[in-house]
Structures are given as C-alpha cells and as structure tokens.
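Residue numbers (mature numbering (1 follows the signal peptide of the UniProt record, and there is no 0)): -18 to -1, 1 to 524.
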C-alpha cells in the first residue's frame, strides 16, 4: 500500500471537519425539544415521539437572559428538554454499540485480508449514510426510530473508531520509526487548530442559518473522502501466507486435490480465526514476557479503561450542562468556548509536557498528575454557577488528557513489534465499548437524575478517576525500583564488554548476544521521558 503522507493529511482534515459538524447534532435535538415544550407546555404528558425535528429552518438556540433562565418555567423547560435529549441519545447509543463492537473486532482482526483501504472506505460509507438519514428525518419528518436505524447502520461499518484506527495504521506505515512521534504531535496540533476554527465558525453559522446546511456539508465531505481514498490509496492485495516446509501440514497441502483441498483450506481458515481470537485474548499474558512487564501492561490497560469511562461521563452530558441553567448558552457561545478550549489544550498541554519532562517526570507520574487535575476539574464544574467560571476551567483542562496521549508510548515498551496490530485492535475495541456504551449509560443516568441531582455525573467522574490515579501510582512505585536495578545491570554489562577485544565470527556474535541478554534487562523498563519517544497513536486522538 503506497500512500502519500499528504494524502493522509488531506483525509484527516476532511474527517475532522465532518466530525465537528456531526458532534453538534445534540444542539439540534435539544432545541427541538425546547421548542416543543414551549408550544405544548400544557400537554406534555400527551406528547408522542412519532415525529422528531419537524422543522429545518426553526433551529436556533437563542441566548436567554440570566433572569429568564433562572425562573421556574424556564428551568422546567430546560430540564424536560434535557431529559428527552439524553434519553434519545442513550437509545441511539444502545442501537449503535452492539454492531459497532462486533464489527470493530471483525474488521480489526481481518484487516490484513480485507485491506486497509476497503475498511477505511466502508467506515466512511457508514458515516455518510448516517448523515443522509439524519437529513431525511429532518426534511420528511420521519418517526423517531429512524434515529436508531442511523446508529445501527454506522455501527455495522465500524464508524469513527475503525476509521481513526486505520488512519493511524496508515500513518505508521508511511513514517519512519524515528519520525513517528514528531508526525503524530504535528498531526495532533493540526487537527486541534482545525477543530478550533471549525467550532468557532459552526457556532455563528447555526445562529445565522440553522443546521441543515451543515449536515449537507458533512455529507459532501464524506463523499470527497471516499473519492480521494479510492483514487489515491493504491490497492495491493493482501499477501498469501504459505506454511513453511518443515511444518507437518505442508505435505498434506501439497498432496491434496479437488474437494479435499477445499476442506483443508476451510479448516486452515477456521484455525487461523481461532488463533487470531486466542491471540487477542492472551496478548497480555504471553509466556516469554516477564512478570513485571505483564503487570505494567495490565495496570496501564485498566488505567486507560477507567479513565475512558470517567472522560465519557463528563463528555456525554457536557453539552446539556452548557445549555442548562444557570448558563443557558447559545450555539454561538458554545462554539466560542469549544474553539478556545481546543486552542488552550493544544498549547498548554504541550508546554505542560515539556515542563514535566524537563524536571524528569516519567509517563506514569505524568498520568497520575493528570488524574488529579481531572478530579479537580470535575468538582469545579459541579460547583460552577457563572460563565466566567467555565472559562476559568480552561486553565485546568489542558492537563487532564495525558493518559490518552501516553498510553501507547507506555505500552509499546513492553510489547513485541508483532503484537502492535493486535493491541491496536484490542484498545480500539475497549475505547469503542467505553465511549459508546458509556455514553448511552451516562445519558440514561443523567435523564433520570437531571431534576433531583443535576451535578451527579461530575462527582461520578471524579470518583472513577481515583482508580487510574491509584494504578499509575503503582506503576511509579514498581518501575522506580526497577530503574535502579537496570542502572546497575547496565553498568555490569558495560564492564563485561570492555574485556572483549578479539575478532569474532558470526557464531561468537550470536553467543555473545545471548550472554548479554541474560545480563542486561529485557527492554528498557525505565519510564523516563528523556529515554523514550512519545507516541500519540491512539484512536481517541483525532
């Protein structure tokens, strides 16, 4: 697969623009329910969900006065609109989660056979079909279950999770190993800047001309992306794996003919499928790996899982939080806040990483510190009452996402190169489960508690974040002692190599290699940021 890096950048920019538009669909749904309450406030109990979002031109979240926002009628309308919106999102998430998790497993495991280009186009087609169904719902006033159909279809094609996984693999393929960290940091900065500008423009465009035109723009962006991938991503058929001649299956394969050959090939396919599934299940319990490495991998994995849940708990309800009293923000204000948040995160997160690296902090310590900031941010949101307090939170938010950025760089040191694809797929599956099911679950909880306990989700997120904090502290303790042992072992191996001055043949080199492997530690277990390259290769990044 020969793909230009600039072609991948073009696809990444197109998908970033489309994702920014799609992520604002919650504003549209909330506005519909808010307007529905205003027109049918006397018959709320008789309201049916047979039609949804009946007007294309009426979409606009107008900014309310603080006094109007705080009165009982507005509070009741906001609470009802949030309940209905969160309930709809939770149901969409349930319909989307099942097929998306299954297809993420299938497409990830069989990507070598299907081809990365095919998987990438398939995920783009699913997103385009979802947007097209949304437009059909808006224009033709279709029943509510069509929202579930759209979620189910995008789940069958893998959706955004598989799309970002394939893009990450393409970036790795076309980049030298020493340049990957620089490339990923550059791409993260580029997409963050593009997201900031897009969110800023979307906020003003929604207030000016509604949302339908933006959905058409997202649909066109997906079509352009499909065309670019089909035209410029050169296809090469997956290589056929041939069994070595020393295996017992080789003579059988060479002697079979006709139907017997077909049976053996089918048996091989089923065996390979079982092996792939077993490889995913046992990748973290490999026999040749030391106990310390296995422990580090499992601690990092579970820290990532609980952080993803905590992050999803806030992200799933943050839009309703901005639209609710006492803020009652307009679409313009939300766009301005999102743009400023993207810019501050892009700048201060890098500066924070540089500072922590300069003082010698390792990855696990940086992640533990970020969870402290995350817990503080969650509590800050829970007690915020004015708009300036939300903007003040941008001084904390750039430092809460290091677990997402550093998970790959931490795990890559403890994995073999041939395990990368399996682990990429597995973590993508984990991210899909946490984001899709977590989003649905937390929206459901929020719909039940928005009236009595509207700030419950922030305290829940703070509580969940304590678990990855403890796990990263365990990583710091485990690898601090290991780092001291490594330094003494490396000194011993260096002293041994100074006595070897004779010319060696190939067999001697092999013996020397085996000897030094027993003296030196298996891989660099030190987590010092000065001794490693940071990989930002994570499906949540884009």
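Glycine included, C-beta positions come from ideal geometry on N, C-alpha and C.
Please confirm whether residue 387 and residue 331 have their CB atoms less than 9 Å apart.
yes
- request: With residue 315 as the anchor, note down where its alpha helix (DSSP H) starts and where it stops.
  value: 313 to 340
- Message: Taking the alpha helix (DSSP H) that residue 142 belongs to, which residues open and close that run?
- Response: 141 to 155
Do the CB positions of residue 335 and residue 207 come within less than 9 Å of each other?
-> no
- [ ] Locate the alpha helix (DSSP H) running through residue 343, then write down its first and last residues.
- [x] Careful: residue 343 lies outside any alpha helix (DSSP H) and carries neither H nor E.
Close beta carbons around residue 178, own chain, < 7 Å, minus the five adjacent residues each side: 321, 324 and 325
Could you check the C-alpha separation between residue 430 and residue 60 for me, to the nearest Å? 14 Å
**Prompt:** Closest to residue 11 by CA distance: which of 117, -15 and 160 is it?
**Reply:** 117
**Study point:** Start-to-end residues for the alpha helix (DSSP H) that takes in residue 288
**Key:** 273 to 297
Subject >> Any non-hydrogen atom of the ligand MG closer than 8 Å to residue 397 Cβ >> reply: Within the structure as shown, the ligand MG is missing, as the structure has no ligands at all.
Quiz item: Between residue 375 and residue 363, is the Cβ-Cβ spacing less than 9 Å?
Solution: yes
Item checked: Contact check, residue -16 vs residue 215, beta carbons under 9 Å -> yes
DSSP state of residue 92, grouped into three classes?
coil
Residue 149 and residue -7 look like a contact to me (Cβ under 8 Å); what is the Cβ gap, rounded to whole Å? 6 Å
Under 9 Å, do residue 337 and residue 347 count as touching if we go by C-beta distance?
no
| task | For residue 454, I'd like the list of residues in its chain whose CB is within less than 6 Å of its CB, leaving aside the five on either flank, ordered along the chain. | result | 285, 346, 349 and 350
Quiz item: Helix or strand or just coil, what does DSSP make of residue 442?
Solution: helix
Query raised in the report: When you compare only the Cα positions, how much space is there between residue 477 and residue 459?
Result: Below a pLDDT of 50, predicted positions are generally treated as unreliable, and residue 477, at 38, falls in that range; no measurement from the model is reported.
Cβ neighbours of residue 295 in the same chain (closer than 6 Å, five flanking residues each side left out):
424, 439, 442 and 443
Query raised in the report: Does the region 120 to 134 come close enough to the region 75 to 84 to have 3 or more Cβ pairs within less than 8 Å?
Result: yes
- Using the C-alpha atoms, what's the distance from residue 417 back to residue 316? 22 Å
Pairwise C-alpha distance: residue 210 and residue -12: 8 Å
Within 10 Å of its beta-carbon, does residue 140 have 16 or more other beta-carbons around it, so buried, or fewer, so exposed?
buried
| query | Taking DSSP as the reference, what is the three-state secondary structure of residue 5? | reply | coil
Original post:
For the 8 Å Cβ check, are there 3 or more pairs between the region 63 to 73 and the region 296 to 303?
Top reply: yes
| message | In whole angstroms, give me the CA-to-CA distance for residue 120 and residue 367. | response | 34 Å
Worksheet item: Rounded to a whole number of angstroms, what is the C-alpha to C-alpha distance between residue 384 and residue 72?
Response: 28 Å
_Helix, strand or coil, according to DSSP, for residue 396 in the structure here?_
coil
How about residue 83 and residue 414: are their beta carbons less than 9 Å apart?
yes
Length of the line joining the Cα atoms of residue 359 and residue 381:
10 Å
_If you follow the alpha helix (DSSP H) that residue 304 is in, where does it begin and where does it stop?_
300 to 305
task = Output the boundary residues of the alpha helix (DSSP H) element that contains residue 159.
result = Note, residue 159: premise wrong, no alpha helix (DSSP H); not H, not E.
- For the candidate residues 378, 398 and 406, whose alpha-carbon lies nearest to that of residue 389? 406
Closest residue to residue 354 among 447, 428 and 90 (Cα-Cα distance) = 447
| What whole-angstrom Cβ distance do residue 328 and residue 175 have, given they're in contact under 8 Å? | 6 Å
Q.
Quick check on the burial criterion: 16 or more other C-beta atoms within 10 angstroms. Buried or exposed for residue 399?
A. exposed
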